[in-house]
Amino acid sequence: MTRRRVLAAGAALALGLATASPLAVSGGPAADRGRLIPHEDPAAAAADRDASLTMLLFQDAAAAVRALRLADARVLLAAIARASVPEDLQFLVEHEGGAIAEIANAIERVEAALSEAARLVRAGRRKDAAAVLSRARRLLARGRLATEDAVAGLRELAGRVGIAGLPERAPARRAYANAQGSLQQLLVLARTLAAAIARIERGDIGEVPRLLTTFRALVQTALLRTTFLRWSSPAVAYPGLPFSITGSVRAEDGLPVPRRLRVALDGGRLENTVVKGPFRLSLTVPSTTPLGPHALAVEVEAAGSYAGAAETHALEVTRAQVTVTAHGPRLAWLPGRMTVWGVASSALGFREAPTVEARLGSAAGLVPAAPGGTFRTSLDLPVSLALPGPQTAIVRVVPAEPWNAPAEADVPVFIVNVLTPGLVAAAVAPLALAGYARRRRSRWGGGPAAVGPLLPQAAAVRAASSEEAGIAVGASARTAVLALYWSAVRRIEQRTGARMLPHLTLREFQRTASHEAGPFADMTALAEAALYAPHAIGPDVVDTMQGLLRQVEAAGTREPS
Amino acid sequence: MSLRRFVAIVAIAASALSGLVAWAYPSRTDFRPPNPFWNGLGRFASEWHVARLRSLAQLPEDPRATAVVVIPYRGVAQADGERLRRYVDAGGVLVLLDDYGFGNHVLDALGLRLRLTGEPLVDPLFYQKNRRLPKITDLPALRAPSTMVLNHATSLAEASGATVLARSSAYSFLDLNGDGDWGEDEPRGPFPVAASVSLGKGTVAVIADPSLLINGTIELGDNRAFLRQVVRLAGERPQVFLDEAHLPAARLDVAKDAIGVAQSRVADPVTLLVLVVVALAAPVGTALFRRRRSSGPHA
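In the order they appear, the protein sequences are chains E and L.
So the first sequence is numbered by the numbering used here: it starts at 548 and just counts up by one.
So the second sequence is numbered by the numbering used here: it starts at 69 and just counts up by one.
This is the structure we're talking about:
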C-alpha cells in the first residue's frame, strides 16, 4: 500500500507539472517582460495631462498671421482643433484659436476694403470710397479687439497649464512669449493702420491708393522678425576630406520656414542649400586650400519679413601627420644592393597606397606601399668614391590623399667601398715591397745601405765575429771589412770619447774622432767602398783592413783625440 | 495493476493533458494570431483571413494578388531575404512593419535605400492618450480628414525615392534621450512613418510601427482603413499571408504550433483511416494473443 501511495503521489505531481509547464513558459503580458517590444495597451495607457505645448501651436499661428501668411495660419488653427488637450482646457484652447482666426479674418477684410476703396478713388467715386474706408476702420477696430481678446485668453491658458512654473528655456515658455510678442506686434500694426486711415479720413481720400500700395510693406517693416542662427563646426579640417557642421535656423516667431543658407570658406562657396530648422551639412575643403587659419562663414538669407543672419567661425586647415618607421642594414657594400623596409601610417588612414621613395646619394628606389602601409625597396649602390663611411638613406612617403602630409625617415648605414681598400692597398703595396726588398738586400750584402741600418748590421756582424775582430767563418768579404771597421770604431770611441751616432756618416765620424790622415781614415775609406761600391770586395781588402786595424790599435795612445 | 502499466498510463494521461492545456490556453505573445489580448493579431488575422506561414519557404510560387506581412522581430537569414526579394520581383506585395527589430536587414536585402530610424517618435500635441501614441493626420492614402494612431512608433529615413503614405505632424520629434520632452538637439518633424516603393513587378510597403496591427491599436482612428489601403496595393481582394517565422515566440506558441501540425496531419483522411483501423484492430489482436498464450502447450 505504501508503495502505491508513493506512486500515486508522484503521478499526481507529474500531472500537475505537466499541466502547469505550458502556462509557466508562456510568459505574462508583454509589459511584464520589459521593453523587449515597446508598445502599450491603449485602453490602459496613462493619459498625458501636460497641455503646455499647445503654446507651440499658438506661437506658430500668431506668427503666421503676423507674417500675413493667412492660409498657413488657418491650417494651423484647424490643427489646434485636433490637438490633444485635457477636457477642462478644451474651451480655452478653442476660444483662443477662434480669436486668432478672427484676427486673420480682420486683416484680410481690411486689405480687401482698402483695395475696394482704392478702386473707387481711381474711379472717381470718392464718396463711396470714403464709406468703404470707414468700413475698413471698423474692421480694423474689430481686429484690434480680437487681438486684445487673444492676448488675454493666451494669458489665461498659460496660467492654467503652468507656464510660469516651467524653466525659462522650456519650449512651451518660449513659445508663449513669442506668441504674446506676435499678438503685441499685431496690436501695434492695428494702431498704425488705424492712425493712417484716420489721417486719410481727415485729409485727402485720394491717399487711399498709396496706403494700399504700402500696406504690405508697412506690415513687413513693422513686423520684421529676427532670425537666430546657431551652428557648430570642428576646429580643424583637412583638404579634400569631408567634415560636418550642424546647427539650426530659427525665426523669433519659431515658425519652421524654409530658409536659404550659404556656407563659404574665405568667401569661396562651399554650400548653397535650403534648410528648415535644424540642419546638418557635409562640406569638403578644396584640396588646393592652403594650410593655416581660415574663416568659415554661414549666412541665412533674409526672406520676406524675416531678417537674415550670419556667423563666422575660425577653421584651421591642416594635414594629418603621417608616421614613417624605416629600417635598413647597418653595413652596406659598394657596389651592392641595400634593402630598406618599414611601415607608414596616418591617423586618418590611407585610402590609396602611398608612394615610398628611398634615396641614398644617386641611388633611388620608388615603390607603392602595401595596403597596410608596409613597404620594402632596394637601392642599387653604384661604384662611387663619394659614398664610403657613415651615410643616411632618406625614405620619403608621399600619400595620395591631399589630407595626409608627406613624411620622411632616416636610415643610418655605414657604407664600405670595396674600391677604397684596394686603392689603399695599391698605393701602399709598392712601398711595402720596396722596403721589404731593401731590408733583404742589406741583410745579405747587396747594394748601398744607409749608415743607420749599417750599424745594426755592423753590430750584428760584430756579434757574430770574435772580440778581436776576427772574421766569422763563411762571412763575406764585405761583412768582414765592415766588422773590422766596427772594431776600429770601438777603439776610437773608447780612446776619444766620440760616439758613432746614427745620423753621422763614416767620414763625419772619422773627422770628429781623429785626424784626416792615418790608418783610421784609410779604414773609413775602405768601409765606404765596401758599402757603396757597385763591385764586390775582394779578400785583399780584408787583409788590408786587418793591417790597418793593428795600426789603429797600436797607435792608440799616440793619435790625439 | 503492475507498476509498469501504472506509470505508462500516468505518462500518457499527463502528456495528453499537457497537450490539451497547451492547445487551449491562450497565447499572450506579441503579434501572435492566436493571441486574443490587446497585443495579439487575432482581429487582423480573422478579418483579413490571414494564412500563417511557418517559414518563408512557404511563400506562394505565384505571388500575384497576394500580400505577405512581415514583422521581423527575429534575425532574417540571407536565404529569407532572397526569398522575399524574389517574391516581390515576381509581383508580390511585401508589407513590412517594424520599429526596433530587424526591418533594416530586410530593406538591405531588398536593395532599398529606405530605412527605419529606430528612434522613438513622440508627438506632444497630437496623440491618443499620451504622446507615445501619436496621431497621424497627414495621410495622402486616405480621404481627409483621417487619423491614424500609432503605438510607440519610429520613423522612416531616406524616403526621397518612395511614395510617402503617412507623415507625422510638424510638432513630432525623435526622442533621442527617451525623456519624452523635446530637446533642441532632437530632430523635429514632420517625419514619414509609412511609405511604399516599387520593386520589380511588386511593391514594398514599409510602416514604422508593427503595433498598428495589434488588437488594441487596430481599432483606433482610421487604422483599419489605412491598412486596407496598404493591402490593396496587391489588388482588391488579395490573399494575405503572415510570416510567423520572424515573430517572437514563447514555448507555449511552439507547443501550439506543434499541436497544430499534428492536428493537420491527423486530419489527413489516409492517416485518419490508418488510426481508426489500428484503434479497432488493437483490442482484437490483444485478445487473440492472450487466448493463444492461455491455451499454450496443453492444447
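Every residue, glycine too, gets a C-beta built ideally from N, C-alpha and C.
Could you list the residues in the region 193 to 205 of chain L with a C-beta less than 9 Å from some C-beta on chain E, going in chain order? L193, F194, Y195, Q196, K197, N198, R199, R200, L201, K203, T205
*asked:* Quick check on G936 of chain E: does DSSP put it in helix, strand or coil?
replied: Here the question's residue 936 of chain E lines up with position 389 in the first sequence. Three-state DSSP puts G936 of chain E in a strand.
Just the C-alpha distance for A90 of chain L and Y168 of chain L, rounded to the nearest angstrom, thanks. The residue given as residue 90 of chain L occupies position 22 in the second sequence. The residue given as residue 168 of chain L occupies position 100 in the second sequence. Spanning the two alpha carbons is a distance of roughly 30 Å.
Which whole-angstrom value is the C-beta distance of L152 of chain L and A177 of chain L, which I expect to be below 8 Å? Position 84 of the second sequence holds residue 152 of chain L. Position 109 of the second sequence holds residue 177 of chain L. Correct: roughly 7 Å between the Cβ atoms.
Worksheet item: Whose Cβ in chain L lies nearer than 7 Å to the Cβ of T601 of chain E?
Response: The residue given as residue 601 of chain E occupies position 54 in the first sequence. By Cβ distance, chain L contributes L193.
Same chain only: Cβ atoms within 6 Å of N283 of chain L, ignoring 5 sequence neighbours per side: Numbered from 1 along the second sequence, position 215 holds the residue referred to as residue 283 of chain L. Same-chain partners within the cutoff: W106, G108, G110, R111.
Quiz prompt | Other residues of its chain near E1111 of chain E: CB distance less than 6 Å, five sequence neighbours each side excluded | solution = Not covered by the structure: residue 1111 of chain E. The range shown for chain E is 548 to 1108.
**Q.** Helix, strand or coil at R200 of chain L according to DSSP, with G and I counted as helix
**A.** Position 132 of the second sequence, counted from the start, is the residue given in the question as residue 200 of chain L. Here R200 of chain L sits in strand by DSSP.
Q: Kindly list, in the order they appear in chain E, the residues whose Cβ is closer than 7 Å to that of S279 of chain L.
A: Looking up residue 279 of chain L in the second sequence gives position 211. Those within 7 Å of S279 of chain L in chain E are H586.
- Message: Quick check on the DSSP output: what are the complete alpha helix (DSSP H) runs of length 4 or more inside the region 1021 to 1055 of chain E, in order along the chain?
- Response: 1024 to 1043
Answer yes or no: do V612 of chain E and A660 of chain E have a C-beta to C-beta separation smaller than 7 Å? For the purposes of this step, residue 612 of chain E is taken as the residue at position 65 of the first sequence. For the purposes of this step, residue 660 of chain E is taken as the residue at position 113 of the first sequence. In this structure, A660 of chain E does not lie closer than 7 Å to V612 of chain E by Cβ.
| said: Whole angstroms are fine: how far does the CA of G171 of chain L sit from the CA of A147 of chain L? | reply: Numbered from its first residue, the second sequence carries residue 147 of chain L at position 79. Numbered from its first residue, the second sequence carries residue 171 of chain L at position 103. Whole-angstrom Cα-Cα distance: 15 Å.
| task | Starting from the C-beta of V338 of chain L, find all residues in its chain whose C-beta is less than 7 Å away, skip the five residues before and the five after it, and write them out in chain order. | result | Residue 338 of chain L sits at position 270 when you count from the first residue of the second sequence. Cβ neighbours of V338 of chain L beyond the five flanking positions: none.
Item to check | Contact list for H220 of chain L against chain E, beta-carbon separation under 8 Å | outcome: In the second sequence, counting from the first residue as 1, residue 220 of chain L sits at position 152. By Cβ distance, chain E contributes P585, H586, E587.
Any contact of the region 666 to 684 of chain E with the region 626 to 633 of chain E, i.e. 3+ C-beta pairs under 8 Å?
-> no
message: Quick check: does the Cβ of Q126 of chain L come within less than 6 Å of any heavy atom belonging to the ligand GDP?
response: Within the structure as shown, the ligand GDP is missing, as the structure has no ligands at all.
Can you confirm whether the region 710 to 718 of chain E touches the region 620 to 630 of chain E when touching is taken to mean that 3 or more C-beta pairs between the two stretches lie within less than 8 Å?
no
message = Rounding to the nearest angstrom, what Cα-Cα distance links P929 of chain E and G883 of chain E in this structure?
response = The residue labelled residue 929 of chain E in the question sits at position 382 within the first sequence. The residue labelled residue 883 of chain E in the question sits at position 336 within the first sequence. Their backbone Cα atoms lie some 7 Å apart in a straight line.
### Task
For D595 of chain E, collect the residues of the same chain with a Cβ closer than 8 Å to its Cβ; drop the 5 residues on either side in sequence, then sort them by chain order.
Here residue 595 of chain E is taken as the residue at index 48 of the first sequence, counted from 1. Only S631 meet the Cβ criterion.
- For G284 of chain L, decide whether its Cβ has a neighbour in chain E, counting only Cβ atoms nearer than 7 Å. Within the second sequence, the letter at position 216 stands for residue 284 of chain L. Chain E, which has a Cβ nearer than 7 Å to the Cβ of G284 of chain L, makes this yes.
Handout entry: Run of the beta strand (DSSP E) containing E150 of chain L, from where it starts to where it stops
Key = Numbered from 1 along the second sequence, position 82 holds the residue referred to as residue 150 of chain L. Per DSSP, E150 of chain L belongs to no beta strand (DSSP E); it is in the alpha helix (DSSP H), 146 to 157.
Exercise for the section: Could you tell me whether the Cβ of S779 of chain E comes closer than 7 Å to any Cβ of chain L? Expected result: Within the first sequence, the letter at position 232 stands for residue 779 of chain E. It does not: the Cβ of S779 of chain E has no partner Cβ on chain L nearer than 7 Å.
**Q.** Test: S729 of chain E CB closer than 7 Å to a CB of chain L
**A.** Within the first sequence, numbered from 1, the residue matching residue 729 of chain E stands at position 182. Chain L, which has no Cβ nearer than 7 Å to the Cβ of S729 of chain E, makes this no.
Worksheet item: Taking the alpha helix (DSSP H) that I654 of chain E falls in, what are its first and last residues?
Response: Looking up residue 654 of chain E in the first sequence gives position 107. Taken as a continuous stretch (DSSP letters only), the alpha helix (DSSP H) holding I654 of chain E covers 634 to 669.
Span of the beta strand (DSSP E) around Q307 of chain L = Locating residue 307 of chain L in the second sequence gives position 239, where the first residue counts as 1. 307 to 311 is the extent of the beta strand (DSSP E) around Q307 of chain L.
| task | Establish whether the CB of R181 of chain L and some CB of chain E are separated by less than 7 Å. | result | For the purposes of this step, residue 181 of chain L is identified with residue 113 of the second sequence, where counting begins at 1. Not closer than 7 Å to any Cβ of chain E, the Cβ of R181 of chain L fails to qualify, so no.
Does any CB atom of chain L fall closer than 7 Å to the CB of P718 of chain E? Counting from one through the first sequence, the residue named residue 718 of chain E turns up at place 171. By this cut-off, P718 of chain E is an interface position.
Requested in this report: Look up A225 of chain L in the DSSP assignment and give the residues it is bridged to.
Outcome: Residue mapping note: residue 225 of chain L aligns to position 157 of the second sequence, counting from 1. DSSP lists L:R183 as partners of A225 of chain L.
Counted within 10 angstroms of its Cβ, other Cβ atoms place G143 of chain L as buried (16 or more) or exposed: As a working note, residue 143 of chain L is residue 75 in the second sequence. With fewer than 16 Cβ atoms within 10 Å of its Cβ, G143 of chain L is classed as exposed.
Between D595 of chain E and chain L, is the shortest Cβ-Cβ distance under 7 Å, so that the two count as touching? Start at 1 with the first residue of the first sequence, and residue 595 of chain E comes out as number 48. So yes, D595 of chain E belongs to the interface.
Beta-carbon neighbours of P803 of chain E, restricted to chain L and to distances below 9 Å = Here residue 803 of chain E refers to the residue found at position 256 when the first sequence is read from its first residue. The contacting residues are A238, R256.
- Query: According to the neighbour-count rule (16 or more other Cβ atoms, all chains shown, within 10 Å of its Cβ), is N1109 of chain E buried or exposed?
  - Reply: Because chain E here runs from 548 to 1108, residue 1109 of chain E falls outside it and cannot be looked at.
(request) Helix, strand or coil for P351 of chain L, going by three-state DSSP, please let me know. (result) The residue labelled residue 351 of chain L in the question sits at position 283 within the second sequence. Of the three classes helix, strand and coil, the one that applies to P351 of chain L here is helix, per DSSP.
Classify G999 of chain E as buried or exposed, calling it buried when 16 or more other Cβ atoms lie within 10 Å of its own Cβ.
Translated into positions along the first sequence, residue 999 of chain E becomes position 452. Unreliable placement is indicated for G999 of chain E, whose pLDDT of 43 sits below 50; the coordinate value is still reported in the next sentence. G999 of chain E should be labelled exposed.
How many angstroms separate the CA atom of E1014 of chain E from the CA atom of D1069 of chain E?
Locating residue 1014 of chain E in the first sequence gives position 467, where the first residue counts as 1. Locating residue 1069 of chain E in the first sequence gives position 522, where the first residue counts as 1. Here the model assigns E1014 of chain E a pLDDT of 45, short of 50, so the residue's position is not dependable and the matter cannot be decided.
F294 of chain L touches chain E at which residues, Cβ-Cβ below 9 Å?
-> Here residue 294 of chain L refers to the residue found at position 226 of the second sequence. The premise fails here: F294 of chain L is roughly 16 Å from chain E at the closest Cβ pair, so nothing lies under 9 Å.
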